[in-house]
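Residue numbers (my numbering), protein chains in the order written: chain A, 5 to 292; chain B, 89 to 384; chain C, 13 to 275.
Every residue, glycine too, gets a C-beta built ideally from N, C-alpha and C.
All values reported here derive from a predicted model rather than from experimental measurement.
Read through the structure below, which is laid out as structure tokens, and then see the notes.
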Amino acid sequence: MDLLFEHVSYRYPDGAGLVDVNLRIRAGVMTAILGAPGSGKSTLLQHMNALLLPSQGEVRIGATRLHGGSGHSERSALRRRVGLVFQYPEQQLFEETVAQDLRFGPLNFGLEEAEAAAAAERAAQRMGLDATLLARSPWQLSSGERRRAAVTAVLASEPEIIVLDEPTASLDAAGRRELMSLLGAMCRDEGKTIVIATHRIEEVAPYAADYAVLHEGGVLYAGDGPSLLQRTDVLEQAGVLTPTGSSIARSLTELTGDLKPGLCPEPAQLARALHESLQRRRTTCGNG
Amino acid sequence: MDSTLRMEGAPALRLEHVSSRRGAEESLAIDDISLTVPRGQWVCVAGANGSGKSTLVRLINGLQPCCSGIITVGGRVLGPDTLWDIRCQVGMVFPQPDDQFVGLTVADDLAFGLENQCLPPAEIHQRIWQAATQLDISHLLDRHPGTLSGGQKQRVALAAIVAINPEILILDEATSMLDAASRAELLGWLRRIRRAGRHTIITVTHDIEEMAAADRLIVLQSGRIAADGLPAELLRDEALLRKQCLETPYALALCRELRSLGWPIEESMTEQEAVNAIWTYYSSMSRTDTRMEQAL
Amino acid sequence: MRQRMMIGRYIAGDSWMHRLDPRAKIVAMPLFMVAVFLVDGYIAAGALLLFTVALLRFSGIGLQPFARAVRPLLFLLLFIFLFHLLFSPGGSKYLQLGSFALYSGGLERGIVAAGRMVLFIVFAAALTFTTPPDQLAQGLGSVLSPLRRLRVPTDRLALMLGIALRFVPTLFDEADRIWRAQVSRGLDLRSGSLLRRARLLVALLIPVCAGAIRRALALADAMESRGYRIGAPRSSYRTFGWRAADTGFVLLLLVPIAAVAFV
Numbered sequence: 005m006d007l008l009f010e011h012v013s014y015r016y017p018d019g020a021g022l023v024d025v026n027l028r029i030r031a032g033v034m035t036a037i038l039g040a041p042g043s044g045k046s047t048l049l050q051h052m053n054a055l056l057l058p059s060q061g062e063v064r065i066g067a068t069r070l071h072g073g074s075g076h077s078e079r080s081a082l083r084r085r086v087g088l089v090f091q092y093p094e095q096q097l098f099e100e101t102v103a104q105d106l107r108f109g110p111l112n113f114g115l116e117e118a119e120a121a122a123a124a125e126r127a128a129q130r131m132g133l134d135a136t137l138l139a140r141s142p143w144q145l146s147s148g149e150r151r152r153a154a155v156t157a158v159l160a161s162e163p164e165i166i167v168l169d170e171p172t173a174s175l176d177a178a179g180r181r182e183l184m185s186l187l188g189a190m191c192r193d194e195g196k197t198i199v200i201a202t203h204r205i206e207e208v209a210p211y212a213a214d215y216a217v218l219h220e221g222g223v224l225y226a227g228d229g230p231s232l233l234q235r236t237d238v239l240e241q242a243g244v245l246t247p248t249g250s251s252i253a254r255s256l257t258e259l260t261g262d263l264k265p266g267l268c269p270e271p272a273q274l275a276r277a278l279h280e281s282l283q284r285r286r287t288t289c290g291n292g
Numbered sequence: 089m090d091s092t093l094r095m096e097g098a099p100a101l102r103l104e105h106v107s108s109r110r111g112a113e114e115s116l117a118i119d120d121i122s123l124t125v126p127r128g129q130w131v132c133v134a135g136a137n138g139s140g141k142s143t144l145v146r147l148i149n150g151l152q153p154c155c156s157g158i159i160t161v162g163g164r165v166l167g168p169d170t171l172w173d174i175r176c177q178v179g180m181v182f183p184q185p186d187d188q189f190v191g192l193t194v195a196d197d198l199a200f201g202l203e204n205q206c207l208p209p210a211e212i213h214q215r216i217w218q219a220a221t222q223l224d225i226s227h228l229l230d231r232h233p234g235t236l237s238g239g240q241k242q243r244v245a246l247a248a249i250v251a252i253n254p255e256i257l258i259l260d261e262a263t264s265m266l267d268a269a270s271r272a273e274l275l276g277w278l279r280r281i282r283r284a285g286r287h288t289i290i291t292v293t294h295d296i297e298e299m300a301a302a303d304r305l306i307v308l309q310s311g312r313i314a315a316d317g318l319p320a321e322l323l324r325d326e327a328l329l330r331k332q333c334l335e336t337p338y339a340l341a342l343c344r345e346l347r348s349l350g351w352p353i354e355e356s357m358t359e360q361e362a363v364n365a366i367w368t369y370y371s372s373m374s375r376t377d378t379r380m381e382q383a384l
Numbered sequence: 013m014r015q016r017m018m019i020g021r022y023i024a025g026d027s028w029m030h031r032l033d034p035r036a037k038i039v040a041m042p043l044f045m046v047a048v049f050l051v052d053g054y055i056a057a058g059a060l061l062l063f064t065v066a067l068l069r070f071s072g073i074g075l076q077p078f079a080r081a082v083r084p085l086l087f088l089l090l091f092i093f094l095f096h097l098l099f100s101p102g103g104s105k106y107l108q109l110g111s112f113a114l115y116s117g118g119l120e121r122g123i124v125a126a127g128r129m130v131l132f133i134v135f136a137a138a139l140t141f142t143t144p145p146d147q148l149a150q151g152l153g154s155v156l157s158p159l160r161r162l163r164v165p166t167d168r169l170a171l172m173l174g175i176a177l178r179f180v181p182t183l184f185d186e187a188d189r190i191w192r193a194q195v196s197r198g199l200d201l202r203s204g205s206l207l208r209r210a211r212l213l214v215a216l217l218i219p220v221c222a223g224a225i226r227r228a229l230a231l232a233d234a235m236e237s238r239g240y241r242i243g244a245p246r247s248s249y250r251t252f253g254w255r256a257a258d259t260g261f262v263l264l265l266l267v268p269i270a271a272v273a274f275v
């Protein structure tokens, strides 16, 4: 089910917040939310699981509508369906073993012990956490393992929509690649809707279908990757750094006039595109 | 702290057969490392998580105890009597912006290290002002840390160290918790400091751009030095990068892919060079065929 | 970055009270407390109230912030008032309510007791409204420094106070984040038995405590690496200048003490 923002505004006491946001998060795909710190990414994400209610406008998922006056039960009901992973989620682990922490969410949402354990088990399998790790205390894990455990803890409640705020913050390159590929697989193979707030375009580029760029609480851009690549004005205004790959791809596209690269192509992809472009040039010239 | 006591000819840092244990365990976090860092050099220490990068730099100012070997900082051997003097000569920026901010305001924080050295108020004020101007935070001096962004806090941390005017600046993953824009900004400040040439810089990082900006790259693996040389050379070594789980710079990877497709272009490290090389070849090949076509 | 919990509730300004040396304000506090505790009747209370209101005019701060400072303690004030009203005899009897009798004496004591509390809160609030927290911490360290002769580590205490003031907003923010994260995982403290809810609080307390300890260890490393040594002498970059106005302020606070004591 799509998640819709309709004219959503939110004001914090000191100003800031969201300003007339209209956005559609499509079901079954990965959406990347880009923007500088303070652009409203966090606020937007917290509206998706009813942690915050809009001051104006509505957030809709299917028949469920959330607005300023929504009650406690509606908000709790939404939290089962939308899992939100905060930045540095490992800080919220507290149980004696990882397995118990994984069960925390399902138990809170009303599952019986046995069901909760089964759900936790399934989530652990999906995220590659083995039994020995599950039996350990969260504080005995390495930073990468703790991150994965914390994300798994949110997945254990089996939400249909998973929202993550900078899930790869301060992980090393291998850790980042691993986590993103797990998330991408979840989207592709299980049809989960995934929303990722990030400032690293190159990480989401292989997996994300939709992009939204936030700036000062408003949506500057909503659409696909390749078009975003052309919108240097948007990226600059929003203070989003273009990764080296995108920048090279854009320069070469302008020069050759012929490439159609993705938002952030892998070196191999871009090389192939260049090679094919050159072949095309030479063939047309030869046949001319 | 009398800076004239420093021996002018001595290297900034020397480690001789230094080892250090991992906490209370028997295993070694740092295993028999020897290295020398001349004054004014920018060294980057890289390696996978757990390779000992942070441990290595923490040995330098005594936060991490070493169980064997000799550490010499600015000509002075690190030991219980020299520890505090050496700490005046080594400034460290930590990864977490919040957890190294001691003062209630930026000015307070900049003053903290200087107060520890019992400097008179007038001199402290002057040094605070100089450091704040150098790192462009003079407009933030009255601010509480809760009102600053992560990037600003790290700049304050850097300014606080610069105010102490140490010989060695150590940045332990100082950019890992920052967003891309702040990271680029801090890297710019480091380059500026390097150009001024008054400090020896040691950075621990995962970031390829920081590695490329340094004068020297040391890669650690399991507490030992796996590689030590020019970044330009080491970053071209694919086997090494793969083994150390480091990323190849994009420009370089692109050039290599094209070479494997038969393009005779130079392997370039930077974006500009890569684009130039690729376009030169592309346009020359297109033009050649057009000329051939016209000749027929 | 929300500024909800800016500690000390410092309100920027340039009033006479803002410009006083923080040490003068800190020394004035116990003097005022003496005056407050010497108050024992309507007249004394009224006089001190007038004095305080006049003094607060010089802080340049309106009524609203003071009202906000008193509001959290309204229940306590009510309790104090009712306690005296119902249990203090003396003076003429007003009425009888079952086994309780309301006396005029009790009414007076209740009002005065509650009033003392209000005066105390309001003066303390004036102190924090007009003094930035960093100056407060250092001022306190300076005022207490004679105690060093008795081997009390006043400079360490002042530093601890400063660090506490520095981190309280940060810790609150982190607690808030952890709260939101656990609520996102279904934590619901509204339903269920009291015992169950108490146990669920663990989901908040443990991460917050673990976080605080983690920060403390990291901060200790940072402080040591910048040359901090426990017990070693430190200079202070902030200098206060004691002026005639500061002496005047402290002497001014002897007036209500004298007045209240001898009225």
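Selection C:144, C:95 and C:238 evaluated against residue 125 of chain C yields C:95 as nearest (Cα-Cα).
The Cβ atoms of residue 211 of chain B and residue 247 of chain C do not sit closer than 7 Å to each other. Taking the CA atoms as reference points, residue 338 of chain B sits about 57 Å from residue 165 of chain C. Residue-level contact check: residue 219 of chain C touches chain A, since one or more beta carbons of chain A fall below 7 Å from its beta carbon. Chain A places a beta carbon closer than 7 Å to that of residue 333 of chain B, counting this residue as a contact. For residue 49 of chain C, there is no enclosing beta strand (DSSP E); the enclosing alpha helix (DSSP H) has its first and last residue at 34–50. The region 146–159 of chain C and the region 32–52 of chain C touch, with three or more beta-carbon pairs separated by less than 8 Å.
Going by DSSP, residue 344 of chain B is part of the alpha helix (DSSP H) stretching over 338–348. With respect to chain B, the C-beta atom of residue 224 of chain C has no partner C-beta closer than 7 Å. DSSP places residue 106 of chain C outside any alpha helix (DSSP H); the residue lies instead in the beta strand (DSSP E), whose first and last residues are 105–109. At a cut-off of 7 Å between beta carbons, residue 231 of chain C contacts chain B. With a cutoff of 7 Å on beta-carbon distance, residue 251 of chain A and residue 255 of chain B are scored as not near each other. Residue 220 of chain A and residue 52 of chain A have their C-alpha atoms roughly 18 Å apart. Against residue 176 of chain B, the close residues of chain C are 239, in the order they occur along the chain (beta-carbon pairs closer than 7 Å).
In this model, residue 71 of chain A and residue 58 of chain A are separated by some 6 Å (Cα to Cα). When Cβ-Cβ separations below 7 Å define contact, residue 88 of chain A makes contact with chain C. A distance below 8 Å between beta-carbons, with the five flanking residues on each side excluded, links residue 175 of chain A to the following residues of its chain, in chain order: 147, 148, 151 and 183. A:47 is the residue among A:31, A:47 and A:29 whose C-alpha sits nearest the C-alpha of residue 222 of chain A. Under the three-state reduction of DSSP, residue 138 of chain B is assigned to coil, being neither helix nor strand.
The beta-carbon of residue 267 of chain A is placed no less than 7 Å from the nearest beta-carbon of chain C. In the structure shown, the three-state DSSP call for residue 35 of chain A is strand. For residue 178 of chain A, at least one C-beta of chain B is nearer than 7 Å to its own C-beta. Residue nearest to residue 261 of chain C within the set C:44, C:58 and C:200 is C:44 (criterion: CA-CA distance). Between residue 315 of chain B and residue 271 of chain A, the C-beta gap is not smaller than 7 Å, which leaves the two residues out of contact. Here the region 226–239 of chain B makes contact with the region 187–199 of chain B; the two share three or more CB pairs at distances below 8 Å. In this structure, the beta-carbon distance from residue 137 of chain B to residue 180 of chain B does not fall below 7 Å.
Chain C places a beta carbon closer than 7 Å to that of residue 204 of chain B, counting this residue as a contact. Contact check for residue 60 of chain C and residue 79 of chain C: beta-carbon distance about 19 Å, past the 8 Å limit, so the pair fails to qualify. Bridge partners of residue 103 of chain B according to DSSP: B:123 and B:159.
The continuous beta strand (DSSP E) containing residue 26 of chain A extends over residues 19–29. In the three-state reduction of the DSSP assignment, residue 228 of chain A falls in the coil class. By the Cβ neighbour-count rule, residue 299 of chain B is buried, with 16 or more other Cβ atoms within 10 Å of its own.
Contact residues of the region 92–126 of chain A toward chain C are 92, 93, 95, 96, 97, 98, 99, 108, 109, 110, 111, 112, 113 and 114 (C-beta to C-beta distance below 9 Å). Using beta-carbon distances, residue 26 of chain C does not count as an interface residue toward chain B, since no partner is under 7 Å. Here residue 312 of chain B is bridged, per DSSP, to B:309. CA-to-CA, the gap between residue 205 of chain B and residue 291 of chain B works out to about 25 Å.
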